[in-house]
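Protein chains in written order, with UniProt numbering: chain E, 1 to 372; chain P, 1 to 372.
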């Protein structure tokens with residue numbers, strides 16, 4: 001099998017300037033450091049509490065801090081998972097058991113597609129542009145599953161509330177389960193309208209994945225929350241209980257404390273840091289940004305004609321700079337991504353500047369060779 | 001779908017005396033508490049190291065502390081997972097892609113079977129007694145997968161090195177991939193011969209799951225290690241990279257420190273505590289132990305004729321004592337487990353004594369009713 005994005009990201013973990021994976025690797029803020037300094041007390045605290053109390057409390061803090069108040073409705077089922085990928089894999093397993101066809105947004109992070117494809121699902125590509133505007137008649141597979149991502153990675157595209165309403169109506173009409181991966185929600189205020197309230201207006205089956213893994217430099221101490229409506233036809237509860245008993249109460253409490261810190265300025269700081277790094281990246285690479293409006297913690301640049309992303313990726317790896325080639329995000333039509341590279345902004349500014357300068361130097365050298 | 005073991009365990013997390021799940025919930029030792037007191041320093045330390053360095057170091061400490069020295073051979077592939085269940089689910093997904101039939105030991109923890117069955121695999125039952133002795137001719141499915149557990153849960157049965165050698169030879173001859181779940185290895189010295197050295201003597205494809213999740217009361221901070229031989233036909237590396245980038249470096253380092261503590265007396269303390277709790281349980285329930293030689297952190301009792309485990313489970317739940325009914329471990333032939341209940345010993349002694357006394361009182365009352 002060819003390498004997937006994660007394979008390339010693993011290589012980047014080993015050495016050099018890693019602008020490859022989207023995992024947060026920036027420095028901690030002062031108040032975040034204070035939470036970590038209190039880890040022993042956090043551990044002692046959660047030891048004494050029933051797991052379901054800790055779980056509900058973490059989820060309430062996290063989702064309400066992102067405007068998702070209707071997610072806390074008693075009717076809605078939820079589970080805390082090791083990660084959003086764990087949640088997505090459970091969804092894929094449940095879809096296979098239910099025998100439903102799937103349509104999924106393209107481009108998007110390839111592991112979303114691959115996690116589902118590993119279950120042998122039939123997956124049709126839906127262009128992100130077609131999700132964002134235009135007629136919806138042909139998009140929700142009747143009796144199937146529509147899997148979308150908002151904000152989407154790598155484009156940063158956010159579905160507006162009105163458009164989500166139209167998509168929900170189309171799915172409800174066709175008996176399509178609407179699955180939404182919202183893992184980057186905290187990074188973009190435009191994604192923080194009450195999505196659960198919007199969906200709740202329809203006789204619709206839906207699943208939403210929320211996640212803390214993209215936000216805080218917590219060394220993979222994270223939780224994915226899997227949420228679904230009462231009566232959902234996918235056997236999610238069973239797929240979950242086959243896999244796990246509960247997320248770690250310790251991690252859940254850390255998530256709660258980071259979410260509270262987020263609510264009191266931490267999220268603003270997170271978003272400011274990302275936007276500053278985005279400006280630095282754009283200043284230090286002489287290439288046009290592919291998605292100018294993106295607010296998530298990655299940025300994507302369009303390469304000059306004649307430079308193929310995959311070849312550039314290999315060259316840059318040799319000089320110790322790790323980025324991601326655009327082909328991999330186009331899981332159905334890789335040729336649409338050959339002129340794109342994605343870099344991660346969830347780093348300290350120096351790493352972003354150093355990495356971008358090396359990319360730019362490399363491209364300058366290439367330009368000189370081509371011109372000569 | 002009927003409830004599985006984890007569903008029942010979730011109910012037990014909420015209230016009462018929980019002798020249901022096998023997750024470790026006993027008090028920490030002094031030296032373990034010291035590691036937790038140093039969590040902030042552990043976090044700061046692993047922030048500075050490459051992930052693969054932390055990962056290799058944790059695995060080396062853990063596996064060598066359990067006698068699995070040949071596991072560290074350069075030729076052997078490994079990955080650190082969120083949990084052993086994550087590893088097993090990846091194996092199931094890989095088996096489905098490879099299209100192999102599976103044979104699995106019975107009885108065993110039902111989620112092992114259910115995780116694989118959720119992938120739509122054909123699974124044949126192999127009696128644990130047939131694995132332990134007798135002819136092996138009909139056991140490894142030719143071109144398939146044989147999935148065994150040693151030490152097994154709930155029986156505590158350990159495959160001796162000589163018998164493992166015979167099973168490995170039979171699998172090698174038939175092109176069967178041998179999968180071994182060794183998650184309870186630390187609890188039984190009889191399981192700590194160098195299993196990887198034994199398997200390495202054969203032209204055999206194998207997978208071994210090691211796990212820290214059953215050992216230490218770390219609130220689900222744990223790691224499953226997925227190990228396999230070079231050239232293994234199951235696409236494990238890809239299933240892994242679709243799902244995750246790496247385990248948490250923080251958790252890996254905690255695992256390393258707990259393993260080092262284990263090597264210097266912690267494992268002896270763990271095993272002593274389990275054996276003391278086993279003696280207390282047997283003293284406080286007037287029922288014969290079903291598996292007298294077991295050394296793992298659960299114990300199983302045989303019910304008097306006329307008491308069905310499922311009915312007893314329900315009755316005990318009403319008085320706030322949570323155990324597990326034996327039916328669930330016999331995933332193919334539940335009728336073989338109707339006279340068994342399993343309790344967890346990974347608790348503080350008071351919980352074991354209180355829970356067992358309540359079970360016994362309940363059975364005494366039942367006996368009086370029946371005799372009268």
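Backbone N, C-alpha and C define an ideal beta-carbon position, used for all residues, glycine too. Remember, predicted model here, so these are calculated numbers, not experimental data.
Compare the C-beta of residue 93(P) against all C-beta atoms of chain E and say whether one is closer than 8 Å.
It does: the Cβ of residue 93(P) has a partner Cβ on chain E nearer than 8 Å.
When the cut-off is 8 Å and only beta carbons count, does residue 46(E) lie next to chain C?
Among the chains of the structure shown, chain C does not appear; the protein chains present are E and P.
Starting from residue 373(P), find everything on chain E with Cβ-Cβ shorter than 7 Å and list it in chain order.
Since the first residue shown for chain P is 1 and the last is 372, residue 373(P) is missing from the structure and cannot be characterised.
For the segment 36-60 of chain P, which residues have a beta carbon sitting closer than 7 Å to at least one beta carbon of chain E?
Cβ contacts with chain E come from 36, 37, 39, 40, 43, 46, 47, 50, 51, 52.
What residues of chain E sit near residue 250(P), judged by a beta carbon separation below 7 Å?
Chain E residues near residue 250(P): 219, 221.
So with CB distances below 9 Å, who are the chain P contacts of residue 224(E)?
Simply none; closest approach about 11 Å.
Which residue comes first and which comes last in the alpha helix (DSSP H) that contains residue 195(E)?
Note, residue 195(E): alpha helix (DSSP H), 195-200.
Let me know the beta strand (DSSP E) ranges lying completely inside the segment 52-87 of chain P, each 3 residues or longer, listed in chain order.
If we require 3 residues or more, the beta strand (DSSP E) runs fully inside the segment 52-87 of chain P come out as 77-81.
Looking only at its chain, what residues have a beta carbon closer than 7 Å to the beta carbon of residue 155(P), apart from the 5 residues adjacent to it on each side?
Once the five neighbours on either side are set aside, the close Cβ partners of residue 155(P) are 107, 128, 291, 294.
Please confirm whether residue 294(P) has its beta-carbon closer than 8 Å to some beta-carbon of chain E.
Residue 294(P) does not count as touching chain E.
Which value, in whole angstroms, describes the spacing of the CA atoms of residue 123(P) and residue 150(P)?
Approximately 19 Å, taken between the alpha carbons.
So residue 280(P) contacts chain E; which residues on that side make the cut at Cβ distance below 9 Å?
The contacting residues do not exist; residue 280(P) stays about 22 Å from chain E at best.
Where does residue 337(E) land, buried or exposed, given buried means 16+ other C-beta within 10 angstroms?
When all chains shown are included, residue 337(E) counts as buried.
By the 10 Å Cβ neighbour count, where 16 or more other Cβ atoms means buried, how is residue 135(E) classified, buried or exposed?
Residue 135(E) should be labelled exposed.
How many Å lie between residue 299(P) and residue 179(P) at the Cα?
Whole-angstrom Cα-Cα distance: 25 Å.
Starting from residue 377(E), follow the alpha helix (DSSP H) in both directions and report where the run begins and ends.
Lying before the first or after the last residue shown, residue 377(E) is absent from chain E, which here runs from 1 to 372.
With H, G and I counted as helix, E and B as strand and the rest as coil, what does DSSP make of residue 307(E)?
Three-state result, residue 307(E): coil.
Are the beta-carbon atoms belonging to residue 247(P) and residue 55(P) less than 8 Å from one another?
In this structure, residue 55(P) lies closer than 8 Å to residue 247(P) by Cβ.
Using 8 Å for Cβ pairs, my map puts residue 249(E) next to residue 25(E). What's the rounded Cβ distance?
With a Cβ gap of about 26 Å, residue 249(E) and residue 25(E) do not count as contacting.
So the candidates are 22(E), 85(E), 362(E), 7(E); which of them puts its Cα closest to the Cα of residue 303(E)?
Selected option, being the one with the closest Cα: 362(E).
Let me know if residue 264(E) comes out buried or exposed under the rule of 16 or more other beta-carbons within 10 Å of its beta-carbon.
By the 10 Å Cβ count, residue 264(E) comes out exposed.
May I ask which residues mark the beginning and end of the beta strand (DSSP E) holding residue 301(E)?
Its beta strand (DSSP E) spans residues 298-302.
Can a CB atom of chain P be found closer than 8 Å to the CB of residue 264(E)?
Taking Cβ atoms only, chain P never reaches closer than 8 Å to residue 264(E), which makes this a no.
With three or more C-beta pairs closer than 8 Å as the rule, is the segment 200-208 of chain E touching the segment 166-180 of chain E?
Verdict: yes, contact present.
Under 8 Å, Cβ to Cβ, is there at least one residue of chain E near residue 174(P)?
No, residue 174(P) lies away from the interface with chain E (no Cβ there is under 8 Å from its Cβ).
Do you know offhand how far residue 27(P)'s Cα is from residue 241(E)'s?
For residue 27(P) and residue 241(E), the distance between alpha carbons rounds to 26 Å.
What distance in whole Å lies between the Cβ atoms of residue 186(P) and residue 257(P), which are believed to be in contact at a cut-off of 8 Å?
With a Cβ gap of about 15 Å, residue 257(P) and residue 186(P) do not count as contacting.
Whole angstroms is fine: what's the gap from residue 236(P)'s alpha carbon to residue 89(P)'s?
Their backbone Cα atoms lie some 10 Å apart in a straight line.
Hey, could you find the ends of the beta strand (DSSP E) residue 227(E) is sitting in?
Residues 224-228.
Does the segment 75-89 of chain P come into contact with the segment 214-233 of chain P, if we say contact requires no fewer than three beta-carbon pairs (one atom in each stretch) closer than 8 Å?
Result yes; three or more Cβ-Cβ pairs closer than 8 Å.
Between residue 119(P) and chain E, is the shortest Cβ-Cβ distance under 8 Å, so that the two count as touching?
True, the Cβ-Cβ gap to chain E drops below 8 Å.
In chain order, what residues of the same chain lie with their CB nearer than 6 Å to the CB of residue 352(E), ignoring the 5 residues before and after it?
277, 280, 281, listed in sequence order.
Given residue 332(E), which residues of its chain have a CB within under 6 Å of its CB, disregarding the five upstream and five downstream residues?
106, 125.
Provide the residue span of the beta strand (DSSP E) that contains residue 241(E), from first to last.
Unbroken run through residue 241(E) is the alpha helix (DSSP H), 236-243; no beta strand (DSSP E).
By the three-class DSSP mapping on this structure, what secondary structure does residue 285(P) have?
Three-state result, residue 285(P): coil.
Can you find the residues in the same chain that come closer than 6 Å, C-beta to C-beta, to residue 232(P), ignoring five residues on each side of it along the sequence?
For residue 232(P), where only same-chain residues beyond five positions count, the Cβ hits under 6 Å are 205.
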